[in-house]
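Asks: Position one of the sequence shown corresponds to residue 2 (this note's numbering), numbered consecutively onward.
Sending over a structure as structure tokens; questions will come in a sec.
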Amino acid sequence: MNPARHRFALTFIPLLALLVPLQGHARNPVEAVKALDHDGDGRVSLSEWDKPKKPFQRIDKNGDGYLTAEEFAADWGVPMPGSEEAATPAVIAGCAIPPHPLPIADAHYHILPWQQPDDVCRLMQEHGIKWIGGAGQMQPDALVDRYKARLGEQWRIFGGQRQLSMEFPKAHGHGIIEDADHPAMRELLAMLDKELQSGYFKGIGEVHINTRTSAPRPDWQRKLRANAPGIKALADLAARHRVPLSIHAQWDNDTEQQLAALANHNPQTVILLAHCGTDASASQIRVFLNEHPNVTCDLSSRYDRVKKYPERQIYAGNKLDSAWKSLIEEMPERFTVGVDDVHSEKEYAHVVRAIREGLLANLTPETARRVAHENADRIFGMN
Ligand SMILES: [Zn+2]
């Protein structure tokens, strides 16, 4: 893990204060001690501590059995009140989004190189997009860090896609992804474990399982077994870190059965079905979601994107397919939205318009709110 990521971790804590409701004392280490220091000795002993022992031991940096304000400050990554550091405003990562009647959480977005970090933020502000994420990046880490430094916690980036879609097939062929014991897969699993632990990645994927006719590049087209040991290992890792696993899978019989086996393999794994199974029908998805409560559908790239595949279109212009409308109203907590990958501001605006005017506008207000952001906020830990 490069030092940049550590440095990044320290800059976004203040942003957390903006986004996440605070418990009790507003992240003030001195107040935190005062609140628990019943005997007035200026520090918190284990007997005064009102939470589990594990966080006490984590905060007690010098291991002397007492918690001081400095130790709270260090653990929270905030400056001590009155310190010089507190006086200098921290560089806050994040993108202030103006209030919007129906904000969108973009739960499937790939930042492409045509966008500079400020462009990403500006488009979010212009289109009422409160946060983005749910997909991986192809760019090298250094570039990714630049976007992260700008967007902070509002970018719920997923890990592993660059390796699984691009690097591994080139170096080893597609098949190794099914093999949890292949050295490259073991290394990837170890890296993901570390970066999920550090909070750098917020999920895994998207993992291209069946992209026979839906990958952005011919050399990415493939069909893997969704329940292969390598994919199961990714699912277990996601469950262990309580983060989602995004799976891109076109819908045919064996892929459907294998995905069912994967969903059953570890019911703790939150599976995001990218593009809601790409070419799956509403009735197929109804059956699948009923059988697998740990699966949620992201409806990205199901607008009039690829004319030659009309079966993939669910919403476009100001229209929503009636079969999908009834399914989404039937299961309003099981769908999210996303822009996926676009190559210009014009295309970005077209996709957001299709989501707003085609999909959300044709749902009841309650369901629209859930699909627009509440479901994604819940699944991505943004509520
Ligand atoms: Zn995809």
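C-beta atoms are modelled at their ideal positions from N, C-alpha and C, and glycine is treated no differently.
1) Which residues in the same chain as I205 place their Cβ atom closer than 8 Å to its Cβ, once the five residues preceding and following it in sequence are excluded?
2) In this structure, how does DSSP classify E49 when only helix, strand and coil are distinguished?
3) With a threshold of 7 Å, establish whether the CB of H344 neighbours any heavy atom of ligand 1.
4) Residues in the same chain with beta-carbon distance under 8 Å from V372, minus the five sequence neighbours each way, listed in chain order, please.
5) For the putative contact between L263 and A216, defined by C-beta atoms under 8 Å, what is the C-beta separation to the nearest angstrom?
6) What does a CB cutoff of less than 6 Å around A377 pick up in its chain, not counting 5 residues either side in sequence?
7) Measuring only from the beta carbon, is A275 closer than 7 Å to any heavy atom that is part of ligand 1?
8) Is E348 close to ligand 1? I mean its beta-carbon at under 7 Å from any heavy atom of the ligand.
9) Going by the beta-carbon positions, is the gap between L152 and P118 smaller than 8 Å?
10) My guess is that R59 and D38 are in contact by the Cβ rule of under 8 Å, so how many angstroms apart are they, rounded?
11) Is H175 a contact residue of ligand 1, with contact defined as CB to any heavy atom under 7 Å?
12) Between D341 and ligand 1, is there a pair consisting of the residue's CB and a ligand heavy atom that are separated by less than 7 Å?
13) For a test of your reading of the model: does the CB of H249 fall under 7 Å from any non-hydrogen atom of ligand 1? Yes or no.
14) Compute the Euclidean distance between the alpha carbons of N63 and E375, then round it to the nearest angstrom.
15) For A261, collect the residues of the same chain with a Cβ closer than 8 Å to its Cβ; drop the 5 residues on either side in sequence, then sort them by chain order.
16) Helix, strand or coil, according to DSSP, for I205 in the structure here?
17) Rounding to the nearest angstrom, what Cα-Cα distance links M186 and W115 in this structure?
18) Taking the alpha carbon of Y304 as the reference point, which residue from E312, C298 and T297 has its own alpha carbon closest?
19) According to DSSP, which residues form a beta bridge with T297?
20) For the beta strand (DSSP E) holding D107, just list the boundary residues, first then last.
21) Can you tell me the Cβ-Cβ gap for K203 and F381, rounded? I've got them flagged as a contact below 8 Å.
22) To the nearest angstrom, how far is the alpha carbon of I356 from that of Y316?
23) On a Cα-Cα basis, can you pick out the residue from P80, Y201 and A143 that is closest to G134?
24) Starting from the Cα of H351, find the closest Cα among D146, R306, A324 and G95 and give me that residue.
25) Measure the alpha-carbon distance for Y148 versus S48 and round it to whole angstroms.
26) Going by DSSP in three states, N211 sits in which element: helix, strand or coil?
Replies: In short:
1) F159, G160, G161, L193, L197, L235, L238, A239, V244, P245, L246 and S247
2) Here E49 sits in coil by DSSP.
3) no
4) L300, I329, P333, F336, T337, V338, L360, L361 and L364
5) Not quite, the Cβ-Cβ distance comes to about 20 Å (not below 8 Å), so this is no contact.
6) Non-local C-beta neighbours of A377 in its own chain, meaning closer than 6 Å and more than five positions away in sequence, comprise A106, A108 and T337, ordered along the chain.
7) yes
8) Taking 7 Å as the cut-off, one finds no heavy atom of ligand 1 near enough to the beta carbon of E348.
9) yes
10) Not a contact, Cβ separation roughly 19 Å.
11) no
12) yes
13) A distance criterion of 7 Å places the beta-carbon of H249 in contact range of ligand 1, judged by its closest non-hydrogen atom.
14) 41 Å
15) So the qualifying residues of the chain are F289, E292 and H293.
16) strand
17) 30 Å
18) E312
19) According to DSSP, which records beta bridges pairwise, T297 is partnered with L273.
20) I105 to D107
21) 6 Å
22) Using only the alpha carbons, I get a separation of about 7 Å.
23) Y201
24) R306
25) Those two C-alpha atoms are separated by around 44 Å.
26) strand
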